[in-house]
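Asker: Residue numbering for the sequence shown follows this note's numbering, beginning at 8 and increasing consecutively. Don't be surprised by glycine CBs; every beta carbon is placed ideally from N, CA and C. For clarity, every value in this text was computed on a predicted model and none was experimentally measured. If you scroll down you'll find the structure; I have some questions about it.
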Amino acid sequence: MRVAVTGGGGFLGSHLCEALLRRGDSVVCLDDFSTGDPRNIAPLLGDPSFTLIQTDIAAELRVPGTVDVVAHLASPASPPDYLRRPLQTLAAGSRGTENALRLAHRCDARFVLASTSEVYGDPLVHPQDETYWGHVNPIGPRSVYDEAKRFAEAITQAYRGSLGVNTGIMRIFNTYGPRMRPHDGRVVSSFIVQALAGEPLTVYGDGKQTRSFCYADDLVRAIVAMIDSDEPGPVNLGNPVEKTVIELAELVLAATGARSDVQYHPLPADDPARRRPVITRAQERLGWSPEVDIEEGLRRTVEWFAARPADVAGALTAIRGGQQDGVPPDPVLADPAAASPWSALS
Ligand code: NAD
Ligand code: UDP
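Below, the structure is given as structure tokens:
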């Protein structure tokens, strides 16, 4: 198969590109590297089955020839990343998703959308199954991501209903592993960076909020299963083992052997209190279950971070900056007009 992977230069996207190449597919990776890292796909560049197209898919998504599958992952995903890029995040979820759907429609291809547990917002139902409609603040700071993904699901469903595109919606829960950017500000990467540096682990709020963490290899197996099925979804993809943030801090300390303290910081606005997927649908319809437990997943992730001491040291400064100001400035966005994909299109 020939698979277009938007966001293929990112954390999950690059693992997906590799998994597809490994089984003999050819891959067209589309990425603007706004939150990705070219090093993620550098080893793939010599592979004749791999093509890189550097583009902002919200502005333009052109793939020569045809494809059998469009896997649409392009979007900032870490809260500090999307809070720093509100307009780009909305553009990736709306125009970017429509451009990716148009490609799938033109090619009569399978289309899979990387949606998110954030469509459930700060859930009033626990654990969350796919029938729950969610509890999202439409104008809160996180709405640029949550509502972009909700729109992405709606337009995906509309392309299926009105144009017959073979679509599948995946609601991905917190996933971690090698190739998370050490400075992306997510809890797993931040705790590992802090622990390796012997710095305090920054817990937001009282640390009793929960998340359910899935290891990247498990999640990528689920995306491949979704690609290979005709399942429309939505399907929750995640590891249902739920941990408080404090428990995660303890697990990271155990995985690193660090003796760092915990330091409490204010809870960000609209931070969801609890999150745990019901994964019966994925188990029954995709034959998928996660296999890597959090101790083993953290061990592998810590090993990857520890092999990159310069990145970890640089990340510590960026994470500290983020905690002082709420959201760190991004030099790429110094010129807001140039940074806005809407202005480029007007
Ligand atoms: P990531 O930031 O590492 O990867 C996203 C990639 O998309 C990056 O390489 C980035 O450069 C690219 N990108 C962003 N906007 C783009 C645009 N307009 N044009 C072209 N490329 C663009 O994040 P990730 O964790 O790998 O997430 C991948 C996808 O999975 C995202 O859609 C995210 O919303 C979804 N997801 C991830 C998680 C998780 O825990 N990792 C959870 C839920 C959903
Ligand atoms: N968090 C934390 N310390 C950090 C970063 C995050 O305590 O340094 C908390 C955050 O407030 C949230 C949880 O960890 O409750 C997961 O945050 P993350 O940004 O990884 O993902 P999301 O909020 O999107 O689930």
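Take the Cβ of P241 as the centre, count every other Cβ of all protein chains shown within 10 Å, and call the residue buried at 16 or more, exposed below.
Answerer: By one-based count along the sequence shown, residue 241 stands at place 234. It counts as buried.
Asker: So I234 and V132 are supposed to be a Cβ contact under 8 Å. How far apart are they, rounded?
Answerer: Within the sequence shown, residue 234 is the residue found at index 227, counting from 1. Within the sequence shown, residue 132 is the residue found at index 125, counting from 1. Actually they are not in contact, since the Cβ atoms of I234 and V132 sit about 29 Å apart, beyond 8 Å.
Asker: Given the structure, does P185 come close to ligand 1, in the sense that its CB is under 7 Å from one of the ligand's heavy atoms?
Answerer: What you label residue 185 is simply residue 178 of the sequence shown in a count that begins at 1. Outside the cutoff, so no.
Asker: Taking 8 Å as the cut-off, decide whether the C-beta atoms of T58 and D39 are in contact.
Answerer: For the purposes of this step, residue 58 is taken as the residue at position 51 of the sequence shown. For the purposes of this step, residue 39 is taken as the residue at position 32 of the sequence shown. Not a contact, by the Cβ cut-off of 8 Å.
Asker: Does ligand 1 have a heavy atom nearer than 7 Å to the CB of S196?
Answerer: Along the sequence shown, read from residue 1 onward, the residue named residue 196 stands at position 189. Incorrect: S196 has no Cβ contact closer than 7 Å to ligand 1.
Asker: If you compare alpha carbons, which of D237, T42, R92 is closest to R167?
Answerer: Walking along the sequence shown from the start, residue 167 turns up at place 160. Cα-wise, what sits closest to R167 is D237.
Asker: Around the C-beta of Q135, are 16 or more other C-beta atoms found within 10 angstroms, so that it is buried, or is it exposed?
Answerer: Residue mapping note: residue 135 aligns to position 128 of the sequence shown, counting from 1. By the 10 Å Cβ count, Q135 comes out buried.
Asker: Nearest CA to the CA of A66: which residue from P50, P45, L37, A84?
Answerer: In the sequence shown, residue 66 corresponds to position 59, counting from 1. Here the closest residue by C-alpha is L37.
Asker: Going by the C-beta, is F18 closer than 7 Å to any heavy atom of ligand 1?
Answerer: On the sequence shown, position 11 is the one that residue 18 refers to. Checking every heavy atom of ligand 1 against the Cβ of F18, one is found closer than 7 Å.
Asker: List the DSSP bridge partners of T324.
Answerer: As a working note, residue 324 is residue 317 in the sequence shown. In DSSP, T324 forms no bridge with anything.
Asker: Have a look at H22 and P297 and give me their C-alpha separation to the nearest angstrom.
Answerer: Position 15 of the sequence shown, counting from 1, holds the residue named residue 22. Position 290 of the sequence shown, counting from 1, holds the residue named residue 297. Going by the C-alpha atoms only, they are around 16 Å apart.
Asker: Please classify I146 as buried or exposed, where buried requires at least 16 other C-beta atoms within 10 Å of its C-beta.
Answerer: Stepping through the sequence shown from its first residue, residue 146 is reached at position 139. Exposed, by the Cβ-count rule.
Asker: Please classify R69 as buried or exposed, where buried requires at least 16 neighbouring CB atoms within 10 angstroms.
Answerer: Here residue 69 refers to the residue found at position 62 of the sequence shown. Its Cβ having fewer than 16 others within 10 Å, R69 is exposed.
Asker: Check whether the Cβ atoms of P19 and L80 lie closer than 8 Å to each other.
Answerer: Against the sequence shown, residue 19 aligns to sequence position 12. Against the sequence shown, residue 80 aligns to sequence position 73. The residue you asked about is not Pro; residue 19 is Leu in the sequence shown. It is a contact, given that the beta carbons lie within the stated cut-off.
Asker: Between which two residues does the alpha helix (DSSP H) holding K156 run?
Answerer: Position 149 of the sequence shown, counting from 1, holds the residue named residue 156. Where K156 is concerned, the enclosing alpha helix (DSSP H) stretches over 150 to 170.
Asker: Expressed to the nearest angstrom, what Euclidean distance is found between the alpha-carbon atoms of L110 and A121?
Answerer: Position 103 of the sequence shown, counted from the start, is the residue given in the question as residue 110. Position 114 of the sequence shown, counted from the start, is the residue given in the question as residue 121. Those two C-alpha atoms are separated by around 16 Å.
Asker: Could you check if Q270 is buried or exposed, using at least 16 other CB atoms within 10 Å of its CB as the buried criterion?
Answerer: Mapped onto the sequence shown, residue 270 falls at position 263. Classification for Q270: exposed.
Asker: For ligand 1, is there a heavy atom less than 7 Å away from the beta-carbon of D38?
Answerer: Within the sequence shown, the letter at position 31 stands for residue 38. D38 Cβ: within cutoff of ligand 1.
Asker: For Q216, count neighbouring C-beta atoms within 10 Å of its own C-beta (all shown protein chains included) and say buried if the count is 16 or more, exposed if not.
Answerer: As a working note, residue 216 is residue 209 in the sequence shown. Buried: at least 16 other Cβ atoms inside 10 Å.
Asker: Between which residues of its own chain and L258 is the CB-CB distance below 8 Å, once the five residues before and five after are set aside?
Answerer: For the purposes of this step, residue 258 is taken as residue 251 along the sequence shown, with counting starting at 1. Hits under 8 Å: K250, I301, E302, L305.
Asker: With H187 and R193 assumed to form a contact (beta carbons below 8 Å), what rounded beta-carbon distance in angstroms separates them?
Answerer: In the sequence shown, residue 187 corresponds to position 180, counting from 1. In the sequence shown, residue 193 corresponds to position 186, counting from 1. A small correction: the amino acid at residue 187 is Met; His does not occupy that position in the sequence shown. At roughly 7 Å, the Cβ-Cβ gap stays under 8 Å, so M187 and R193 are in contact.
Asker: Relative to the alpha-carbon of L274, which residue among K156, G43, Y211, A204 has its alpha-carbon at the smallest distance?
Answerer: Along the sequence shown, read from residue 1 onward, the residue named residue 274 stands at position 267. Among K156, G43, Y211, A204, the Cα nearest to that of L274 belongs to Y211.
Asker: May I ask whether a heavy atom of ligand 1 can be found less than 7 Å away from the beta carbon of P83?
Answerer: The residue given as residue 83 occupies position 76 in the sequence shown. Yes; taking the cut-off as 7 Å, the Cβ of P83 has a heavy atom of ligand 1 nearer than that.
Asker: Measuring only from the beta carbon, is Q95 closer than 7 Å to any heavy atom that is part of ligand 1?
Answerer: Taking the first residue of the sequence shown as position 1, residue 95 is located at position 88. Checking the Cβ of Q95 against ligand 1 gives yes.
Asker: Tell me whether Q331 sits in a helix, a strand or coil according to DSSP, three-state version.
Answerer: Taking the first residue of the sequence shown as 1, we reach residue 331 at position 324. In this predicted model, Q331 has a pLDDT of only 49, less than 50, meaning its place in the structure is not dependable enough to derive any value.
Asker: So does D63 have its beta carbon nearer than 7 Å to some heavy atom of ligand 1?
Answerer: Counting from 1 along the sequence shown, the entry for residue 63 is found at position 56. Because some heavy atom of ligand 1 lies under 7 Å away, the Cβ of D63 counts as near it: yes.
Asker: Between Q331 and A313, what straight-line distance do the alpha-carbon atoms span, to the nearest angstrom?
Answerer: Translated into positions along the sequence shown, residue 331 becomes position 324. Translated into positions along the sequence shown, residue 313 becomes position 306. Its pLDDT being 49, under 50, Q331 is placed unreliably in this model, and the coordinates cannot settle the point.
Asker: Touching or not, the segment 280 to 293 and the segment 151 to 170, by the rule of three or more beta carbon pairs under 8 Å?
Answerer: No: the two stretches stay apart, fewer than three of their Cβ pairs being nearer than 8 Å.
Asker: Taking C-beta to C-beta, are P83 and S56 nearer than 8 Å?
Answerer: Walking along the sequence shown from the start, residue 83 turns up at place 76. Walking along the sequence shown from the start, residue 56 turns up at place 49. Contact flag unset, no.
Asker: With DSSP collapsed to three states, give me the class of M233.
Answerer: In the sequence shown, residue 233 corresponds to position 226, counting from 1. Helix.
Asker: Looking at V10 and A78, is the spacing between their C-beta atoms short of 8 Å?
Answerer: To locate residue 78, count along the sequence shown from 1; it is residue 71. To locate residue 10, count along the sequence shown from 1; it is residue 3. Taking 8 Å as the Cβ cut-off, A78 and V10 qualify as a contacting pair.
Asker: Check whether the Cβ atoms of A223 and T182 lie closer than 8 Å to each other.
Answerer: For the purposes of this step, residue 223 is taken as the residue at position 216 of the sequence shown. For the purposes of this step, residue 182 is taken as the residue at position 175 of the sequence shown. Contact flag set, yes.
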